[in-house]
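Inspection log for the structure reproduced underneath, given as structure tokens.
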Amino acid sequence: MLTTKRVRPAALAFVAGCLLAACSQDNSSNTPTTVTEVDLVLTNGKVLTVDDSFSIHDTVVVDDGLIVATGDSALAAQYRADETVDLGGKLLMPGFNDSHTHIRGRPLRYIELGGVSSIAEIQELIRDKVELIGEGEWITGYGWSEDELDEGRRPLRADLDAAAPNNPIILTRAGGHSAVVNSLALQLADVTLDTPQPDGGVIERGDDGELNGIIRERQGIVGSLVPDSTYDEIIASLEINLNALLELGITSITDASKTPADYEMFEELYANADLPLPRSALQFQWHDPEAILALNQRVGEGNEFLKPGPIKVFADGGFTGPAAFTLVPYLGQGEYRGYLNMGEGELVTLLNEIHDAGFQMGIHAIGDAAIVLVVNTLADTLERNPREDHRHYLNHFSMRPPDLTMELMSDHEIHITQQPNFTYTLEGRYSAYLDGWRLQHNNPLRSPMDHGITVAISSDILPIGPMVGIYAAVTRKGMTGTVYGPDEAITMEEAIRAYTLTGAYLNFDEEEKGSLEPGKFADMILLSDDLLTIDPERIMDVQVEKTWIGGELVYESSAI
Ligand SMILES: [Zn+2]
Numbered sequence: 011m012l013t014t015k016r017v018r019p020a021a022l023a024f025v026a027g028c029l030l031a032a033c034s035q036d037n038s039s040n041t042p043t044t045v046t047e048v049d050l051v052l053t054n055g056k057v058l059t060v061d062d063s064f065s066i067h068d069t070v071v072v073d074d075g076l077i078v079a080t081g082d083s084a085l086a087a088q089y090r091a092d093e094t095v096d097l098g099g100k101l102l103m104p105g106f107n108d109s110h111t112h113i114r115g116r117p118l119r120y121i122e123l124g125g126v127s128s129i130a131e132i133q134e135l136i137r138d139k140v141e142l143i144g145e146g147e148w149i150t151g152y153g154w155s156e157d158e159l160d161e162g163r164r165p166l167r168a169d170l171d172a173a174a175p176n177n178p179i180i181l182t183r184a185g186g187h188s189a190v191v192n193s194l195a196l197q198l199a200d201v202t203l204d205t206p207q208p209d210g211g212v213i214e215r216g217d218d219g220e221l222n223g224i225i226r227e228r229q230g231i232v233g234s235l236v237p238d239s240t241y242d243e244i245i246a247s248l249e250i251n252l253n254a255l256l257e258l259g260i261t262s263i264t265d266a267s268k269t270p271a272d273y274e275m276f277e278e279l280y281a282n283a284d285l286p287l288p289r290s291a292l293q294f295q296w297h298d299p300e301a302i303l304a305l306n307q308r309v310g311e312g313n314e315f316l317k318p319g320p321i322k323v324f325a326d327g328g329f330t331g332p333a334a335f336t337l338v339p340y341l342g343q344g345e346y347r348g349y350l351n352m353g354e355g356e357l358v359t360l361l362n363e364i365h366d367a368g369f370q371m372g373i374h375a376i377g378d379a380a381i382v383l384v385v386n387t388l389a390d391t392l393e394r395n396p397r398e399d400h401r402h403y404l405n406h407f408s409m410r411p412p413d414l415t416m417e418l419m420s421d422h423e424i425h426i427t428q429q430p431n432f433t434y435t436l437e438g439r440y441s442a443y444l445d446g447w448r449l450q451h452n453n454p455l456r457s458p459m460d461h462g463i464t465v466a467i468s469s470d471i472l473p474i475g476p477m478v479g480i481y482a483a484v485t486r487k488g489m490t491g492t493v494y495g496p497d498e499a500i501t502m503e504e505a506i507r508a509y510t511l512t513g514a515y516l517n518f519d520e521e522e523k524g525s526l527e528p529g530k531f532a533d534m535i536l537l538s539d540d541l542l543t544i545d546p547e548r549i550m551d552v553q554v555e556k557t558w559i560g561g562e563l564v565y566e567s568s569a570i
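Quick note, the working numbering runs 10 ahead of the 1-based positions in the sequence shown.
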């Protein structure tokens, strides 16, 4: 059902319009050199088409949102464009397709703390938030990590009190296993020195014997007091957060954990948005099969901006904890090998059930044992109930499984979307829990590609900017500069293809986007530097200068 190709009215309109234009001009001029009217010509660039042979041209012609032609500068003379853009010799390529990400609308009270580098900065963000929402209101936030704070320690109750004594505050640490709250929040939750320690959690005390504001694992005793957010504030924030992807050059996403209710919010947003937005596909978890089945009746109905994506299944956990399910025990953790997210039998049944219902699946599998189990199950399932072009894929594939497993994947066309940026950002966790060969081969790219497996690159928002993944894919470097398994590196051309066309392929959209070829959406980005010739150490400095979606300029850097 998911393989049904959508009819694209814009494409049909283009074909008709083009024929008409050519006809009328041929009739009137009667010369071999016809000039066709189009919306947009971009010329004098280094245009990476990402076609089969990775052709590089210097001109792109766009009409009615679609690429009409690419070629050398002589091509420009064949068209009369409403607008001509001189690319100044810079690199133009297809927009990034982040095939595994998470974009949420957040309440007004929320502060994003991922990437914050000091407690002083957290205090500044809190003060700004009080300005915005006023005293007395709850303030929430997520994503701080003491590893990234200049002060080298966790933010504590006194730090939050100093910034906003009159607003209850709860800020959750990255990973979600603890939070820091301020005095007013403790007071509202009736948490005092006399409060007994909660089951499975800790209300911490500092060296002075007082509550220091940190609550581990049971932060719900305070968090449950935070009022629900409103639909309006969430959808407004979702619009801003999706729009913000355009400045990173991301023109298409697959959001990896959404519900059918979220889909309705996205539909409303896309129907009414004031800001330009990237194209989205949403993955649904199988918690509510009836709602998903109801949506499935609409698969193929989605439009060029929003469509249902594959079904999401969680096989195991990740490297927080750690909880990924591994073949060999973790380093220094006794016999501990992580665990499956559900019983093995239940997982096997679930994968069979979803496949039999006709869905495509994108399955979260991080540990090598989880990867082996999922691949073996899918291989059996596909032999029992073959389906042409199913395009099932594994999300993450963070540990390299045995070669036999990769051979099975290749034989059964089981694909991957993987995050090489994890090699960079999660370096500390990998080296804490893995060693030797399996540490070196974290987030493998070369080996699955050499096995003939189709591999896309995506971010999983760690961080969200594509340049980190590109950098790590070609250098195999972690944050400290340590190189892990250089034999898993891929070329820049491969990385660009994996972050554009392959992502489109995983959503059955490769005929419509992902490369700059005639008939495809003109989703393009102009970069500050040439990724093909740049010193790899400078890749993360590369900026997106312009972004077009369907031929419309939707982002332009203020720096140019
Ligand atoms: Zn994810």
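Even for Gly, the Cβ is constructed at its ideal location relative to N, Cα and C.
Backbone CA spacing between residue i and residue j [nearest angstrom]
i	j	result
GLY230	LEU285	35 Å
ASP209	GLU227	9 Å
HIS112	ILE474	9 Å
LEU194	GLY146	10 Å
ILE136	ALA173	6 Å
GLY491	GLY331	24 Å
GLU156	ALA254	26 Å
ARG571	PHE324	With the chain running from 11 to 570 in the structure shown, residue 571 is simply not present.
THR53	HIS422	42 Å
LEU76	MET502	26 Å
SER128	GLU158	7 Å
LEU455	LEU472	18 Å
LEU563	THR557	6 Å
GLU220	GLY479	43 Å
Where residue i falls: helix, strand or coil (DSSP)
i	result
LYS6	In the structure as shown, the chain begins at 11 and stops at 570. Residue 6 is therefore absent and cannot be evaluated.
GLN370	coil
THR433	helix
VAL232	helix
ALA32	Here ALA32 scores only 40 on pLDDT, less than 50, and its place in the model should not be relied on; the value that follows carries that caveat. Three-state result, ALA32: helix.
TRP296	coil
SER267	strand
ASP497	helix
PHE518	coil
GLN343	coil
ARG401	coil
HIS365	helix
PHE531	strand
ARG548	helix
TRP154	strand
Among the options, the one whose alpha carbon lies nearest that of residue i
i	options	result
ALA380	ALA333, GLY368 and ASN362	ALA333
ASP539	ILE364, PHE531, ARG548 and LEU135	ARG548
ILE244	PHE276, THR80 and PRO270	PHE276
LEU8	ASP62, LEU50 and LEU52	The shown model of the chain, from 11 to 570, leaves out residue 8, and the question about it has no answer.
PRO288	TYR565, ALA569 and ILE570	TYR565
LYS100	ASP390, ILE544 and SER568	ILE544
GLY223	THR59, VAL48, LEU305 and ASP200	ASP200
ASP399	TYR346, ASN351 and ASP519	ASP519
LEU258	PHE64, GLY529 and ASP108	ASP108
THR150	ASP238, PRO412, GLU156 and GLU158	ASP238
GLU345	MET352, THR336 and GLY353	THR336
THR80	GLY98, GLU93, ASP92 and LEU102	LEU102
PHE329	ASP68, ASP96, TYR443 and GLY312	TYR443
MET371	VAL57, PRO318, GLU122 and GLN88	PRO318
ILE500	GLY342, MET459 and LEU537	MET459
GLY446	TYR434, GLY529, GLU504 and GLY495	GLY495
ALA514	LEU235, ARG448 and TYR403	TYR403
ALA91	VAL51, TYR273 and ASP82	VAL51
LEU414	LEU526, LEU472 and LEU383	LEU383
GLY105	ASP533, ASP366, THR205 and ASN362	ASP533
Burial state of residue i, where buried means 16 or more other Cβ atoms lie within 10 Å
i	result
GLU555	buried
GLN428	buried
VAL126	buried
GLN207	exposed
ARG401	buried
ASP378	buried
ASN192	buried
LEU279	buried
GLY353	exposed
THR59	buried
ASN517	buried
LEU303	exposed
Chain C within 9 Å of residue i, Cβ atoms only
i	result
SER468	The structure shown contains no chain C; it holds only a single protein chain.
Environment of ligand 1 in chain order, Cβ to heavy atom below 6 Å: HIS110, HIS112, ALA266 and ASP470
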